[in-house]
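Take a look at the structure below.
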Amino acid sequence: MVEKILASLEQSNCTTDTTFMQAVSEVLRSLEPIVQNDPRYERYGILERLVTPDRIIQFKVQWVDDQSRVHINNGYRIQFNNSLGPYKGGLRFHPSVNTNILKFLAFEQIFKNSLSGLPIGGAKGGSDFDPKGKSDFEIMKFCRAFMRELHQYIGARVDVPAGDIGVGSREIGFLYGEYKRITHSYEGVLSGKPYAFGGSLLRPEATGYGVVYFAAEMLKQELQETLEGKVCTVSGAGNVAIHTIEKLQQYGALVITCSDSDGAIYDPRGIDLSIVKELKEDGTRLSLEGYAARVPGSVYTKKADYPEGGHAVWSHPCFAAFPCATQNELSRSDAARLIENGCTAVIEGANMPTEPSAIELFQREGVLFVPGKASNAGGVAVSEFEMSQNASMEKWDFDKVDRKLNEIMCQIYKRVSLTAKECGCERNFVHGANIAAFKRVADAMILEGV
Ligand code: NDP
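Sequence positions in the sequence shown follow the working numbering and run 83 to 532.
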């Protein structure tokens with residue numbers, strides 16, 4: 083049944099939808115045994131319905147730069163599935179954005195949101211706009227133009243976008259301001275807002291902190307280990323990477339790498355996060371080359387000099403690896419190098435950063451591998467806390483949000499590992515995550531009828 087659906091999807095989707103197909107086939111293949119054992123899933127057409135987005139919205143975004151030149155970008159919102167609650171998922175501003183990438187992200191989001199146990203559906207959106215090198219005013223003008231189109235499709239109980247690559251609290255602030263101007267409504271229609279007007283404490287840190295809470299719980303339960311004193315490698319230097327590094331350091335780990343789209347840093351004495359933040363936060367996005375210039379003993383490797391078919395970050399010995407940059411950034415040869423160098427666990431911070439053949443190798447060699455849909459769900463969880471606070475006009479303190487985030491991440495670990503055990507594939511967290519998430523969504527889809 084799964085192969086039939088994949089074949090027909092392959093035919094009906096554009097041949098360039100390779101990343102989307104990669105995500106769908108990984109999920110559906112995990113589900114094969116349980117779909118075969120429960121005839122309801124076939125009777126209600128659950129798999130076919132699940133792999134088809136509710137709607138794909140595409141719009142033109144026209145804006146004027148500081149030199150009064152007119153620009154046109156594509157804007158998108160993919161509302162994939164709202165069986166569990168309002169559509170929820172980030173907005174990505176990056177030149178690589180297209181419907182293939184957004185369908186993959188929105189599809190993964192359904193499962194991530196389901197695993198969180200919270201009442202939220204799956205969506206994703208964004209634009210091929212490149213924020214790099216743009217002035218604050220240009221970013222503002224673009225965000226306002228984007229929202230002029232998007233506002234008609236979203237709402238606090240309809241679809242609540244958040245940030246992702248290229249969209250942080252600055253962009254969410256501009257987007258929210260425009261939504262308010264157009265609709266005259268002060269409602270929780272976006273999450274990741276600045277704290278000054280409706281944002282939640284800990285939202286900026288949530289994804290990275292959540293990744294480490296998940297990792298700590300898994301290492302404790304599976305290996306009776308802690309992160310204290312352990313060497314860890316992290317890729318990326320954006321929101322998720324920075325807060326993963328921050329929490330790892332708070333737990334006493336030694337983080338020796340980070341990276342951006344142009345190169346990677348290796349610092350054997352431990353990454354100095356204050357320098358990374360200076361280079362990358364507040365939309366500055368300066369090259370990490372500046373880190374090596376300021377920290378003696380650290381090494382910067384340009385992307386062109388990465389090992390053949392791999393990424394410089396993954397060539398260093400480590401206890402645990404945390405890919406936190408972007409999709410498909412950890413290849414099979416990276417995986418082989420990590421295994422050779424004694425890596426015991428790979429915990430994804432980004433969405434689908436590990437290529438399928440690398441995952442297969444990790445699992446075969448007994449490396450604990452956690453897919454992002456389980457380990458990076460902390461961001462969307464705190465986004466949902468923000469929606470709750472907005473709806474009740476409350477403000478929760480930092481400790482309350484942090485405690486609830488930690489609880490959710492431990493619950494996700496428990497749900498995923500227990501499901502894997504029950505399905506006879508102990509420690510296969512990919513199957514565990516896909517099956518646990520699927521059951522919740524599929525049951526809701528059956529109950530609400532076709
Ligand atoms: P940011 O834009 O803050 O950071 C992305 C980082 O990845 C930057 O350092 C960027 O480099 C680097 N990067 C981007 N593209 C590439 C590439 N092709 N090769 C190497 N490095 C690259 O994004 P986030 O940290 O928010 O997101 C990172 C990942 O985490 C994404 O997969 C996202 O979908 C996922 N995620 C994010 C959540 C969130 O709450 N923000 C929630 C859940 C998942 P540069 O500085 O040069 O641009």
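Every residue, glycine too, gets a C-beta built ideally from N, C-alpha and C.
Around the beta-carbon of M229, 16 or more other beta-carbon atoms lie within 10 Å, marking it buried. Remark: the C-beta of R351 is outside contact range of the ligand NDP, defined as less than 6 Å to any heavy atom. One alpha carbon belongs to R351, the other to K312, and they sit about 13 Å apart. Put simply, the backbone Cα of R174 is about 26 Å away from that of A440. Contact between the region 413-433 and the region 470-485 is not established, with fewer than three Cβ pairs separated by less than 8 Å. In the DSSP assignment, H513 falls within the unbroken alpha helix (DSSP H) covering 511-529.
Annotated three-state conformation of N180 is coil, per DSSP. Proximity of the region 251-266 to the region 178-198 falls short of the contact definition, fewer than three beta-carbon pairs being nearer than 8 Å.
Residue pairing by DSSP puts Q161 in a beta bridge opposite R137, A205. Within the region 267-343, the complete alpha helix (DSSP H) segments at least 4 residues long are 285-305, 321-332, listed from N- to C-terminus.
The DSSP-derived three-state label of R351 is coil. Straight across, the Cα-Cα distance linking E442 with Q149 is about 50 Å. In the structure shown, A459 adopts coil according to DSSP, grouped into three states. Shortest Cα-Cα distance from H398 to any of V146, T315, G215, V249 involves T315. According to the DSSP secondary-structure assignment, L412 is paired through a beta bridge with T436. For T181, the shortest C-beta to heavy atom distance toward the ligand NDP is 6 Å or greater. The region 365-379 and the region 335-355 touch, with three or more beta-carbon pairs separated by less than 8 Å. For A502, the shortest separation between its Cβ and any heavy atom of the ligand NDP does not lie below 6 Å. Burial is judged here by how many other beta carbons sit within 10 angstroms of a residue's own beta carbon; A519 has at least 16 and is buried. For P115, the enclosing alpha helix (DSSP H) has its first and last residue at 100-119. In the three-state scheme derived from DSSP, where H, G and I count as helix and E and B as strand, Q149 is classed as coil.
For the pair I128 and I160, the Cα-to-Cα distance works out to about 19 Å. Contact between the region 131-145 and the region 426-435 is not established, with fewer than three Cβ pairs separated by less than 8 Å.
Annotation for V249: L173, F175 place their beta carbon closer than 6 Å to its own, counting only its chain and skipping 5 residues before and after.
The beta-carbon separation of K362 and A319, rounded to 5 Å, stays under the 8 Å limit for a contact. Under the three-pair Cβ rule at 8 Å, the region 234-247 counts as touching the region 460-469.
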